[in-house]
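Shown next, in the form of structure tokens:
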């Protein structure tokens, strides 16, 4: 009996060592993928059993319930992929609304692109290059949003009015504006790598810890049983391996805005150009001003920023540019103060006022009527710019919400 116990000890020790080795190798995120359902989602709203009702709210076709993120419990990654798949459908749906409901035209960029070249696009009203009076230009923030959107999650969880740019477009066109809708996040296309490329391992492609790899290489007699024991837990779903091919002259939001300015806005006959720029869109506009200061000052009448993340110090905006912003721009920021209440600023640029909400993504919608009033006053030439006074500072914007 004693001999049996002594003989079993090395075997138990080997199992313990193998288990420790396994645990040190396992990527928990990858392990979670092992038992999840296929990442195969519908490509239409109807396929998801959702539709927009007459109020512009996304609702389940059978139950009438709002969108449910946690469709499958304990499968967060799968739920997130499902949400992202729905988000892509929302983007296409908004594009359709821009063309069919707002009567805008899709214009591809670069204007001289070849048939095989990656392309982006913007949306323009039919009178964009004819209207001699005024033009509205819309710039959204960074992230997954595309032309026509302020915030995808608002469109999904609340309604089209709060999350899309459609109310701005419709009101502007009703009031005689030409309209251009920028698409600053459409910077590249993704193409699937060839099978050969996908199978070529990079020098650092192994997810195995370096010291474990070195130990294994020193011990070529590692048993097949142990390898199989490890690989059993390393067979997650494989997602497509893609390459990003950037779009010429539109490879970043800043490049895109500059390109649209040079090729469209600056050439349009409109005497008054007015901008609405949300979040990172504000930074993009300031960068445009830095690159085309004289032209922008000459053509732009007013700029409404909504929770803009620009920084005139970090962006090296000169004194004359900052002075122009003080006279012609206003930033509606997230704040607990009532709508249009002046909010203290530490930057020497444009006045800041409350958007009437503490939610970053809602600032463009909550300040909608105030912004058009601001534009009316600017067009009328009235000296009614809102001046900042010391009040409670607005909430800081988290990086992930930009």
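Residue numbers (the working numbering): 399 to 800.
All C-beta atoms in this analysis are idealised placements derived from N, C-alpha and C, irrespective of residue type, glycine included.
Residue i Cβ short of 7 angstroms to the ligand SAM heavy atom set
i: residue 459; result: Inclusion of the ligand SAM in the displayed structure is not the case, the ligand content being empty and no account of it being possible.
Three-state secondary structure (DSSP) of residue i
i: residue 689; result: helix
i: residue 478; result: helix
i: residue 400; result: Low per-residue confidence applies at residue 400: pLDDT is 46, beneath 50, and the placement is therefore not dependable enough to give any value.
i: residue 571; result: helix
i: residue 502; result: coil
i: residue 458; result: strand
i: residue 511; result: coil
i: residue 640; result: strand
i: residue 763; result: helix
i: residue 410; result: helix
i: residue 555; result: helix
i: residue 470; result: coil
i: residue 542; result: coil
i: residue 486; result: helix
i: residue 434; result: coil
i: residue 627; result: The predicted position of residue 627 is uncertain, since its pLDDT is 41 and thus under 50; no value can be drawn from it.
i: residue 725; result: helix
i: residue 442; result: coil
i: residue 417; result: helix
i: residue 597; result: Legend: pLDDT at residue 597 = 46, less than 50; position of this residue unreliable, value from coordinates given subsequently. Residue 597 falls in the helix class under three-state DSSP.
Opposing strand residues paired with residue i [DSSP bridges]
i: residue 497; result: According to DSSP, residue 497 bridges with nothing at all.
i: residue 842; result: Nothing about residue 842 can be reported from this structure: the residues present for the chain run from 399 to 800 only.
i: residue 730; result: 704, 751
i: residue 526; result: BP columns for residue 526 are empty, so no partner.
i: residue 740; result: 751
Beta strand (DSSP E) segment containing residue i, residue limits
i: residue 450; result: 448-450
i: residue 645; result: No beta strand (DSSP E) contains residue 645, which DSSP labels as neither H nor E.
i: residue 579; result: 576-579
i: residue 590; result: 586-590
i: residue 536; result: 532-537
Segment limits, alpha helix (DSSP H) that includes residue i
i: residue 837; result: No statement about residue 837 is possible, as the shown extent of the chain runs from 399 to 800 and does not include it.
i: residue 776; result: 766-777
Cβ distance (whole Å) where residue i is taken to contact residue j below 8 angstroms
i: residue 694; j: residue 686; result: 7 angstroms
i: residue 582; j: residue 654; result: 5 angstroms
i: residue 689; j: residue 656; result: 6 angstroms
i: residue 564; j: residue 558; result: 6 angstroms
i: residue 520; j: residue 658; result: 6 angstroms
i: residue 580; j: residue 545; result: 7 angstroms
i: residue 753; j: residue 733; result: 7 angstroms
i: residue 448; j: residue 459; result: 7 angstroms
i: residue 516; j: residue 643; result: 5 angstroms
i: residue 578; j: residue 663; result: 7 angstroms
Note to self: So within the region 697-722, which uninterrupted beta strand (DSSP E) runs reach at least 3 residues, ignoring any that extend past its ends?
What the structure shows: 698-704
Next item on the list: Ignoring anything shorter than 3 residues or poking outside the region 647-694, list the beta strand (DSSP E) runs there in chain order.
Entry: 670-676
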